[in-house]
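The opening residue of the sequence shown carries number 33 in the working numbering; numbering runs sequentially from there.
Ideal placement from N, C-alpha and C gives every residue a C-beta, glycine not left out.
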Amino acid sequence: MEHEQRMARGTSWASDQLQWARENPVCFVSDLSKISNRVHSINGNRTFWLTKGMIDKNSDPDAYKHESTEPDEEFIEGTIQPLSDALVEIRVRHLSSDDFSKMNQLSKVTGVPLHIIP
């Protein structure tokens with residue numbers, strides 16, 4: 033975490049529920065108020081370049097300084113246990129039949145709706 037000058041494992045979640053559609057075939061719509069993990073508002077690109085500069089010797093360690101500090105994602109520390117408590121909906125697009133079967137099964141197990149987005 034840049035503001036706390038420490039590394040943390042976790043997951044980034046976009047607040048913009050449509051952002052996922054540009055890059056990923058699966059979107060887990062969640063209610064973050066239902067989890068106990070620490071949540072930090074971050075800028076995804078800034079965090080990516082900061083981390084890359086720390087672990088990749090071929091990367092510019094100051095590249096992150098050129099990115100915005102305006103938050104566009106939420107960073108959730110640690111593992112979300114159980115995710116089903118926070119899960120509201122699963123959205124999918126362009127999945128293989130195997131991956132669709134997995135998401136369909138997850139929907140059934142968690143009891144949250146599965147929506148196919150064209």
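Option in the options with minimal Cα separation from residue i
i	options	result
S91	W81, S73, S100 and E99	W81
N69	E99, I87, I112 and K97	I112
I108	G143, I149 and G76	G76
V144	A95, S128, L115 and P150	L115
I149	D117, G110, K134 and I122	I122
W45	V71, K66, M39 and R38	V71
T101	V141, M39 and R78	R78
S65	V120, K140, M135 and K134	V120
Extent of the continuous alpha helix (DSSP H) run through residue i
i	result
T101	It is not in any alpha helix (DSSP H) - T101 carries neither H nor E in the DSSP assignment.
I87	G76 to I87
DSSP three-state assignment for residue i, whether helix, strand or coil
i	result
I108	strand
I148	strand
E125	In the sequence as presented, Glu is not what sits at residue 125; that position holds Arg. R125: coil per DSSP, three-state reduction.
S73	strand
S91	coil
S68	coil
Integer-rounded CB distance, given that residue j should sit under 8 Å from residue i
i	j	result
I74	E105	5 Å
A95	G85	6 Å
Element boundaries [beta strand (DSSP E), containing residue i]
i	result
S62	V58 to S62
V42	It is Gly, not Val, that sits at residue 42 in the sequence shown. Note, G42: beta strand (DSSP E), G42 to A46.
Neighbour flag for residue i against chain C, beta carbons, 8 Å
i	result
P150	The structure shown contains no chain C; it holds only a single protein chain.
Exercise. Is the segment 56-65 touching the segment 124-136, taking contact as three or more C-beta pairs under 8 Å?
Worked result: Because the criterion of three Cβ pairs below 8 Å is met, the segment 56-65 and the segment 124-136 touch.
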